[in-house]
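Participant: Residue numbers for the sequence shown, in my numbering: 7 to 262. Every residue, glycine too, gets a C-beta built ideally from N, C-alpha and C. Next up is a structure, given as structure tokens.
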Amino acid sequence: MILTGCVAFARHVGPTRVEAELLPQCWEQINHKYSERRLLVAEACGALAPYLPKEIRSSLVLSMLQQMLAEDKADMVREAVVKSLAIIMGYIDDPDKYSQGFELMLLSLGDPSERVVSAIHQVFIPAFAAWTTELGILQTTLIPSLLARIEKLLKGEHGLDEHKLHMFLSALQSLIPPLFSVVLQNAPFTHRLTLQGDIPPIEVTRFPRPASPLQDVATVVGSRETLSGLLILYDYQLEHEGTTGWNSLLWVVNQL
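Quick look at the structure:
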């Protein structure tokens, strides 16, 4: 009820007053002794994101959430922080925030709470992947950064840290749906896609069951119909025309 009221107020008064009147109230509550208050702050940061000045979203609000993720003792608060961070990533247009986003992802992956780790896979990684895809750095920066960390672990001189290895591999696994979407959407055949006529359903066994709708390849490309049409062209391309000129797929073949 309180959060709904805050959003209604923000929608009515605009970014300047939200920054001046609501945000200070949130800042004052991030260390409140009652976890319910801190939970409200974590949720409000995401809910108010569309109504804040963009420079505040990518600076003060991001810093508030980062502090809460690192310091708050309550699992439910950190889980809400991760979900709000996912929303914030959808509104940030500053590519310089990539490094901070990547560190937030690693921090969340190492969280001792299963509900926090689940949230990072279900909402933050899909949102972060979508953002890096828009920036054109999913293949050139994000995935290579994870691969480099995995390789460093495997070459470690002091024994293998299996927990960290699992952490990085699970993140890489969560990036497969957006990576495959990039491969499909940047293929030589995309101009031939048509959704007219009967489009066969996608075989149930074609993809593993996604952990959340945001990890569903159909969600990433737009719809199940679009995905089905792209898969038909994908299969035909591989069988009859090969990978020539298909840079996004060639990257996968060469790097993974």
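Count Cβ pairs between the region 134-147 and the region 176-193 that sit closer than 8 Å; are there 3 or more?
Facilitator: With a cut-off of 8 Å, the region 176-193 and the region 134-147 count as touching, because enough Cβ pairs lie within range.
Participant: Short of 7 Å in beta carbon distance, which residues of its chain neighbour residue 19, apart from the five on each side in sequence? Order them along the chain.
Facilitator: What you label residue 19 is simply residue 13 of the sequence shown in a count that begins at 1. Counting only Cβ-Cβ distances below 7 Å, and skipping sequence neighbours, we find nothing.
Participant: Work out the CA separation of residue 12 and residue 23 for me, nearest whole Å.
Facilitator: As a working note, residue 23 is residue 17 in the sequence shown. As a working note, residue 12 is residue 6 in the sequence shown. Approximately 12 Å, taken between the alpha carbons.
Participant: Between the C-alpha atoms of residue 45 and residue 175, what's the straight-line distance to the nearest angstrom?
Facilitator: The residue given as residue 45 occupies position 39 in the sequence shown. The residue given as residue 175 occupies position 169 in the sequence shown. In a straight line, the C-alpha of residue 45 is about 30 Å away from that of residue 175.
Participant: Could you check whether residue 85 and residue 122 sit closer than 8 Å to each other, using their CB atoms as the reference points?
Facilitator: By 1-based counting over the sequence shown, the position of residue 122 is 116. By 1-based counting over the sequence shown, the position of residue 85 is 79. Against a cut-off of 8 Å, the Cβ pair of residue 85 and residue 122 comes out as a contact.
Participant: Do residue 228 and residue 205 have their beta-carbon atoms positioned less than 8 Å apart in this structure?
Facilitator: As a working note, residue 205 is residue 199 in the sequence shown. As a working note, residue 228 is residue 222 in the sequence shown. Contact: no.
Participant: Quick one: grab the DSSP three-state call for residue 134.
Facilitator: Locating residue 134 in the sequence shown gives position 128, counting from the first residue. It is helical.
Participant: If you measure from the beta carbon of residue 183 to each beta carbon in chain D, is any gap under 8 Å?
Facilitator: The structure shown contains no chain D, having only a single protein chain.
Participant: Can you tell me which of 43, 251 and 180 puts its alpha carbon nearest to the alpha carbon of residue 134?
Facilitator: Residue 134 sits at position 128 when you count from the first residue of the sequence shown. Looking at the Cα atoms, 180 is the closest of the given residues.
Participant: Report, in whole angstroms, the separation of the C-beta atoms of residue 261 and residue 193, which I expect to be a contact under 8 Å.
Facilitator: Position 255 of the sequence shown holds residue 261. Position 187 of the sequence shown holds residue 193. Actually they are not in contact, since the Cβ atoms of residue 261 and residue 193 sit about 17 Å apart, beyond 8 Å.
Participant: Taking the CB atoms as reference points, tell me whether residue 53 and residue 9 lie closer together than 8 Å.
Facilitator: The residue given as residue 53 occupies position 47 in the sequence shown. The residue given as residue 9 occupies position 3 in the sequence shown. For residue 53 and residue 9, yes; Cβs fall inside 8 Å.
Participant: Is residue 61 helix, strand or coil by DSSP?
Facilitator: Mapped onto the sequence shown, residue 61 falls at position 55. Residue state, collapsed to three classes: helix.
Participant: Would the region 95-106 and the region 59-74 be scored as touching if the rule is three or more Cβ pairs under 8 Å?
Facilitator: The region 95-106, when compared against the region 59-74, does touch it at the 8 Å Cβ threshold.
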